[in-house]
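Residue numbers (this note's numbering), protein chains in the order written: chain A, 362 to 473; chain B, 18 to 130. Step one of this worksheet: look at the structure below.
Take a look at the structure:
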């Protein structure tokens, strides 16, 4: 099993450009999450999906949109990137409400 | 709103000693608390979960305690090794039904040989 995979690993954007971060899991998990991690701020939840077909806002959703394409895939879209969105983005999945979360390797995004 | 604090940004200890990391929280009573390890350039990896009705949980050289009166969890690594050097994150459930977690900022542990 590959676990949680994320693409791309690195990305540089110019302000105003758009892009989609891809995430897939092969563990048949119901819940999936998108976090951003910034120095001194820790992991902050952007959006989550408790099950296929549902998505909800987390702590810092502004400037992002998500799509739960199917049970395996959960994508994060930046419609108009801003320098404040420079960060490392992690996707995670979990089986039940209280089980541990499995994280992907992260996408390091720089917005110039 | 819930607040979670890991008291030390960094902790340096000598190999063979016990490392003790602290996680405090306020304004909430979580049903459970989790600890994760994160190595540079990688995603966090789950280590242990402890529920509110459990005082202590162990896994090999790891031990976690959960004191709901003090609103504190302690994470211990006994007989520490240089390979234990990493950032350790505590996370507590946010209180919703979706299993969302609130993460602390982490403590960077360095174990010197």
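Don't be surprised by glycine CBs; every beta carbon is placed ideally from N, CA and C. Predicted model only: the values in this text are computed from it and were never measured.
Please classify residue i: does DSSP put it in a helix, a strand, or coil?
| i | result |
| --- | --- |
| residue 456 of chain A | coil |
| residue 103 of chain B | strand |
| residue 379 of chain A | coil |
| residue 446 of chain A | helix |
| residue 462 of chain A | coil |
| residue 469 of chain A | strand |
| residue 370 of chain A | coil |
| residue 129 of chain B | strand |
Can you give the beta carbon distance from residue i to residue j, rounded, assuming they're within the 8 Å contact cut?
| i | j | result |
| --- | --- | --- |
| residue 51 of chain B | residue 118 of chain B | 7 Å |
| residue 67 of chain B | residue 90 of chain B | 7 Å |
| residue 109 of chain B | residue 21 of chain B | 6 Å |
| residue 387 of chain A | residue 433 of chain A | 7 Å |
| residue 323 of chain A | residue 436 of chain A | The question about residue 323 of chain A has no answer, for chain A in this structure spans 362 to 473. |
| residue 379 of chain A | residue 441 of chain A | 6 Å |
| residue 124 of chain B | residue 23 of chain B | 5 Å |
How would you list, in chain order, the residues of chain D whose beta-carbon sits under 8 Å from the beta-carbon of residue i?
| i | result |
| --- | --- |
| residue 402 of chain A | Here chain D cannot be found, since the structure's protein chains are A and B. |
Under the DSSP definition of a beta bridge, which residues are partnered with residue i?
| i | result |
| --- | --- |
| residue 394 of chain A | A/409, A/453 |
| residue 426 of chain A | A/438 |
| residue 109 of chain B | B/50, B/119 |
| residue 349 of chain A | The displayed coordinates of chain A run from 362 to 473. Any statement about residue 349 of chain A would go beyond what the structure contains. |
| residue 403 of chain A | A/399 |
| residue 415 of chain A | In the DSSP output, where bridge partners are listed per residue, residue 415 of chain A has none listed. |
| residue 421 of chain A | In the DSSP output, where bridge partners are listed per residue, residue 421 of chain A has none listed. |
Unbroken beta strand (DSSP E) runs of length 3 or more, entirely within the stretch 21 to 97 of chain B: which are they? Complete beta strand (DSSP E) runs here, min 3: 27 to 31, 36 to 43, 49 to 55, 62 to 68, 73 to 76, 79 to 84, 89 to 94.
Stretch pair the stretch 89 to 105 of chain B + the stretch 462 to 473 of chain A: three plus CB contacts closer than 8 Å: By the Cβ criterion, the stretch 89 to 105 of chain B is not in contact with the stretch 462 to 473 of chain A, since fewer than three pairs of Cβ atoms, one from each stretch, lie closer than 8 Å.
Cβ contact (3+ pairs, closer than 8 Å) linking the stretch 425 to 442 of chain A and the stretch 400 to 409 of chain A: The stretch 425 to 442 of chain A vs the stretch 400 to 409 of chain A: in contact.
Counting beta carbon pairs with one atom in the stretch 34 to 44 of chain B and one in the stretch 93 to 100 of chain B, are three or more of them shorter than 8 Å? Touching, yes.
Would you call the stretch 446 to 457 of chain A in contact with the stretch 64 to 79 of chain B, where contact means no fewer than 3 C-beta pairs closer than 8 Å? Counting Cβ pairs under 8 Å, fewer than three are found: no touch.
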